[in-house]
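S.K.: The structure is given below, and queries will be raised subsequently.
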Amino acid sequence: MVRMDPIDLYSLPETSSFHGQDDTHIAAVSHTIGELACQLVEKLNVRSATLARGGQIHFALSDAATMRVLAPRSSVGYLRAGAIYQQQGNERAAVRMYDQGLEAVSPSDHGYTDLKQRRAEAMHAADSKRVDFITQLPLDIVATSITPLLFESVHLHADKPCPYLYVSRAWQQRLLASNPLTFMIHKDVSDSRQVIKFASHVKSLVIPSNKYGSEYDPAHVLLKANYPSLVKLILHHRGDRGVLNICISSVGDALTWLKLIVSLEDPIDLRFVLDHCPHLISLEAAFFDGTMTNKLTKQYPNLKDLHLRALSRHGITDKSMLNIVGHLPSLSSLNVGSVPSSRLLSTLHHYCPNMKLLAYGDSILDLRTYKDHAGLQKVSIGQSQIELNPDDLISIISRHWRSLEQLALKGLIKEPLKWRRGFVFERLTYLEIDAEHDALLTLATSIIHLAPCLEAIKVFIQSGDDPHQAFVAMTELNHLKCLWPRCIAPYSNSLYYFIQHHVNLGDQSSLQEIRLLLQPDMPPCPWLRAIAQLANLRRLEIGIKSMSFPRNYVAMMDALAQGCLALESLELKCGAVDLPEKCLVLFGAHPGIKRLAIVAESISNHDIIAILSMPNLQCLDLLTLMDDLTLETLKNNIPQVNYMPLSTSDRLAFSLSS
């Protein structure tokens, strides 16, 4: 039988004859109760041990828990639970249980020493229980499953040893078998010993530019060892061009992916790079000499993705552009950061028949992924203040009507428009128009009429006119889910007509998301009030232009809060200015909001209380400044809070880019 100290259930109150209580009788009964409790704990201990031996762990642990409830200051319950965990091989859980016992039990308890001894045994067993899975598993499993788990998407520090590579020689050999390493150099070449040591197993390397005045050139690391497995290189360089050329020559034969950024004073020679990197599949080059004094003279059939940034906005000449596409027959993706002219658009398919993605000017779309089917899938054409030839635009759009999925047009065109009908854009789901002239908006309206599958439209009107026909055309779309109306006139009858159309559709409306950009001088507008009546609006994003709020911003928010009954996500992007006080007060009672995102200089206490009052809020994303106590309060009351304190300049840049 386990030796137990008497159980003290709880302290009894002091009594006296004045209370009419019999002290002797109370003491006797209390002693009897204590004895019964000790007997019960002893019986539970025996039953728990028997259950554990029979494999009924759940019931055994339940008895041990009852023992700790009856006798929380006795070692018996803790010892029994710890023994059960050790029987299972769960040494860590046993250590935690013994720790609880050592905190609760008095050192004078007979089992206190046993608790310390059992804890030490469990800790030793836990530390000794290690499985060398790297050397025990088959090599192919290590290479395909374990190594990617350890190294995929992980940038190792060039100046810090990776612990996995120094466990043993066997670990190092097996982990390096598939050449998995990606290194990033943070400072100078003198801190790159780990890169040089494992150079033959480096598959990816990131080299930043050296600081002005530094005697080191980080690119020198490429000359201090051989890199036969290096397939991906990101190199920022503003040092000696001779060193750069030698570096590219030394590693170029293995490279398939290269991002090269140099200074404006010494632009990239595209021909030199392609000649010395014959296996390149993807190349991003900035800054590049758009006049191309060193023309391409042979075909480069391996290159599929090309992203060029010229020295200036008008840096790439027509001849240079023609020379480039004429020698890259396998291009699938072309991203050119400036527009020499639109003349090449009508003949691009002759030179690059496999083209899937095209950004000709400001890159608006995500040009990283495409599908296997033939034809252009994502097209972004134009720049601010740049005039485009409408015939060239219509030519490329019409040619790829079967394959186009996303289309963005920016800038200005002039009439006449020679638009050939007789087809439908079968796959077009996203359209973005940044118009500086009515003619481009007219073209967009024609596209909307021919694109019944459109799901998202972004309209940025800089002419100040009401884009009546475009919004009227949108009412014909049965699958439109998202609308981004930017710089729309406050009294736009056409936008009001469009929103009211979806209000009238009720539950049949497809419109689920609206992203607004409010003007500083915007008065109350009918179309904004109409948004509150949309039956299926799930997401609403509200930004401000020029870091200034409309005078009636709070009233606008109140109007939206009293409607938008289906709203689940609300995003307020204010940049580097304070969120107007009490703009969220009425949203505090909104029954549907599950996600709230705020970018602002600060948030008032009234609005913090409103946020805490939202009954179904699950996620709060904050880019702001906030004191620790308020942040802790939010985290204690909202399941997920993502907080990022940004500087004023960062928030300003974020707001402007949004």
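Be aware that the sequence shown starts at 1, since it is given in the UniProt record's numbering, and climbs by one per residue. We put the beta carbon where it would ideally sit given N, CA and C, even for glycine.
(1) In the stretch 257-288, which residue ranges form an unbroken alpha helix (DSSP H) of at least 4 residues, counting only runs that do not cross its ends?
(2) Curious, which full-length alpha helix (DSSP H) runs of at least 4 residues does the stretch 40-89 contain?
(3) In angstroms with no decimal places, state the Cα-to-Cα distance between M626 and L646.
(4) For E426 versus R402, is the C-beta distance shorter than 8 Å?
(5) From this set, I433, S398, P390, which residue's C-alpha is nearest S380's C-alpha?
(6) For the stretch 318-367, which segments carrying the beta strand (DSSP E) assignment without a break, of at least 3 residues, lie completely within its bounds, in sequence order?
(7) Touching or not, the stretch 66-73 and the stretch 91-109, by the rule of three or more beta carbon pairs under 8 Å?
(8) In the stretch 370-438, which residue ranges form an unbroken alpha helix (DSSP H) of at least 4 residues, counting only runs that do not cross its ends?
(9) Between L150, K160, L567, N323, which has its C-alpha nearest L617's C-alpha?
(10) Select from F133, K378, I413 the residue whose C-alpha is nearest the C-alpha of S342.
(11) So L175 and Y164 are in contact, right, with Cβ under 8 Å, and what is the actual spacing, rounded?
(12) Count the C-beta pairs between the stretch 141-158 and the stretch 109-124 that are closer than 8 Å, then say yes if the count reaches three, no if not.
(13) List the residues that DSSP assigns as beta-bridge partners of H307.
(14) Which residues in the same chain as residue 663 place their Cβ atom closer than 7 Å to its Cβ, once the five residues preceding and following it in sequence are excluded?
(15) Could you name the residues that DSSP lists as bridge partners for D621?
(16) Just list the beta strand (DSSP E) runs in the stretch 470-519, keeping only unbroken ones of 3 residues or longer that don't cross its boundaries, in chain order.
(17) Going straight from the alpha carbon of L296 to that of T369, what length do you get?
(18) Nearest to S384 by alpha carbon, out of L334, Y351, L440?
(19) List the whole-angstrom C-beta distance separating S509 from N536, where the pair is believed to meet the contact cut-off of C-beta under 8 Å.
(20) Do D362 and K410 have their C-beta atoms within less than 8 Å of each other?
(21) Identify which residue in D438, L540, I141 has its Cα closest to the Cα of K481.
(22) Report the three-state DSSP secondary structure of M184 (helix, strand or coil).
(23) For L255 versus V231, is the C-beta spacing smaller than 8 Å?
(24) Taking buried to mean at least 16 other C-beta atoms within 10 Å of its own C-beta, is E476 buried or exposed?
(25) For V221 versus I248, is the C-beta spacing smaller than 8 Å?
(26) To the nearest angstrom, report how far apart P490 and P526 are at their CA atoms.
(27) From S192, F549, L205, pick the residue whose C-alpha is nearest to that of residue 665; which is it?
(28) With H, G and I counted as helix, E and B as strand and the rest as coil, what does DSSP make of A456?
(29) Along the chain, where does the alpha helix (DSSP H) containing V251 start, and where does it finish?
(30) Mind checking which residues open and close the alpha helix (DSSP H) that includes K573?
(31) So Y98 and Y78 are supposed to be a Cβ contact under 8 Å. How far apart are they, rounded?
(32) Excluding the 5 residues preceding and the 5 following P228 in the sequence, name in chain order all residues of the same chain whose CB lies nearer than 8 Å to its CB.
(33) In this structure, does DSSP put R118 in helix, strand or coil?
(34) Please classify residue 668: is it buried, with 16 or more other beta-carbons within 10 angstroms of its beta-carbon, or exposed?
(35) Give every residue of the same chain whose Cβ lies closer than 7 Å to the Cβ of G563, excluding the five residues on either side of it in the sequence, and list them in chain order.
(36) Taking the straight line between their C-alpha atoms, what separation do you get for M292 and S320?
M.R.: Straight from the coordinates:
(1) Listed in chain order, the complete alpha helix (DSSP H) runs (minimum 4 residues) inside the stretch 257-288 are 270-276.
(2) The qualifying runs are 57-70, 76-88.
(3) If you number the sequence shown from 1, residue 626 lands on position 626. If you number the sequence shown from 1, residue 646 lands on position 646. Here the C-alpha atom of M626 lies approximately 10 Å from the C-alpha atom of L646.
(4) Numbered from its first residue, the sequence shown carries residue 426 at position 426. Numbered from its first residue, the sequence shown carries residue 402 at position 402. In this structure, the beta-carbon distance from E426 to R402 falls below 8 Å.
(5) Along the sequence shown, one-based indexing puts residue 380 at 380. Considering only alpha carbons, the answer is I433.
(6) Segments of the beta strand (DSSP E) lying fully in the stretch 318-367: 333-336, 357-361.
(7) Segment contact: the stretch 66-73 against the stretch 91-109, three or more CB-CB distances shorter than 8 Å; contact assigned.
(8) With a minimum length of 4 residues, the continuous alpha helix (DSSP H) runs that stay inside the stretch 370-438 are 390-399.
(9) Looking up residue 617 in the sequence shown gives position 617. Taking only the C-alpha atoms, the option nearest L617 is L567.
(10) Taking the sequence shown and counting its residues from 1, the one referred to as residue 342 is at position 342. The shortest C-alpha separation from S342 is found at I413.
(11) Here residue 175 is taken as the residue at index 175 of the sequence shown, counted from 1. Here residue 164 is taken as the residue at index 164 of the sequence shown, counted from 1. Their Cβ separation, rounded to whole angstroms, is 6 Å, which keeps L175 and Y164 in contact under 8 Å.
(12) No: fewer than three Cβ pairs fall under 8 Å.
(13) Residue numbering aside, residue 307 sits at position 307 when the sequence shown is read from its first letter. According to DSSP, H307 bridges with E284, N335.
(14) Lying outside 1 to 658, the shown extent of the chain, residue 663 is not represented and no answer is given.
(15) Residue 621 sits at position 621 when you count from the first residue of the sequence shown. DSSP lists A597, N642 as partners of D621.
(16) Runs of the beta strand (DSSP E) lying entirely within the stretch 470-519, each at least 3 residues long, are 482-486, 513-518 in chain order.
(17) As a first step, residue 296 must be located in the sequence shown, where it is residue number 296. As a first step, residue 369 must be located in the sequence shown, where it is residue number 369. C-alpha separation (whole angstroms): 27 Å.
(18) Taking the first residue of the sequence shown as position 1, residue 384 is located at position 384. Cα-wise, what sits closest to S384 is L440.
(19) Counting from one through the sequence shown, the residue named residue 509 turns up at place 509. Counting from one through the sequence shown, the residue named residue 536 turns up at place 536. Your pair S509 and N536 checks out as a contact, with CB atoms roughly 5 Å apart and the cut at 8 Å.
(20) As a first step, residue 362 must be located in the sequence shown, where it is residue number 362. As a first step, residue 410 must be located in the sequence shown, where it is residue number 410. Going by C-beta atoms, D362 is nearer than 8 Å to K410.
(21) Position 481 of the sequence shown, counted from the start, is the residue given in the question as residue 481. Residue nearest to K481 within the set D438, L540, I141 is L540 (criterion: CA-CA distance).
(22) Sequence index remark: in the sequence shown, residue 184 carries index 184 (1-based). Reduced to three states, the DSSP call for M184 is strand.
(23) Residue numbering aside, residue 255 sits at position 255 when the sequence shown is read from its first letter. Residue numbering aside, residue 231 sits at position 231 when the sequence shown is read from its first letter. In this structure, V231 lies closer than 8 Å to L255 by Cβ.
(24) Taking the first residue of the sequence shown as position 1, residue 476 is located at position 476. With fewer than 16 other Cβ atoms within 10 Å, it is exposed.
(25) Taking the sequence shown and counting its residues from 1, the one referred to as residue 221 is at position 221. Taking the sequence shown and counting its residues from 1, the one referred to as residue 248 is at position 248. No.
(26) On the sequence shown, position 490 is the one that residue 490 refers to. On the sequence shown, position 526 is the one that residue 526 refers to. Here the alpha carbon of P490 sits roughly 8 Å from the alpha carbon of P526.
(27) The chain is shown only over 1 to 658; residue 665 falls outside these bounds and no answer can be derived.
(28) The residue given as residue 456 occupies position 456 in the sequence shown. Residue state for A456 is assigned as strand, using DSSP reduced to three classes.
(29) Residue numbering aside, residue 251 sits at position 251 when the sequence shown is read from its first letter. That run of the alpha helix (DSSP H) goes 241-251.
(30) In the sequence shown, residue 573 corresponds to position 573, counting from 1. Note, K573: premise wrong, no alpha helix (DSSP H); beta strand (DSSP E) at 569-573.
(31) Within the sequence shown, residue 98 is the residue found at index 98, counting from 1. Within the sequence shown, residue 78 is the residue found at index 78, counting from 1. Rounded, the Cβ-Cβ distance is 6 Å, consistent with contact.
(32) Taking the sequence shown and counting its residues from 1, one reaches residue 228 at position 228. Cβ within range, chain order: S200, A254.
(33) To locate residue 118, count along the sequence shown from 1; it is residue 118. The answer is helix: DSSP assigns R118 an H, G or I state.
(34) Nothing about residue 668 can be read from this structure; the chain reaches only from 1 to 658.
(35) Within the sequence shown, residue 563 is the residue found at index 563, counting from 1. Shown here for G563: same chain residues with a beta carbon closer than 7 Å to its own, the five before and five after excluded, namely A532, Q533 in chain order.
(36) Within the sequence shown, the letter at position 292 stands for residue 292. Within the sequence shown, the letter at position 320 stands for residue 320. Answer to the nearest angstrom: the Cα atoms are 6 Å apart.
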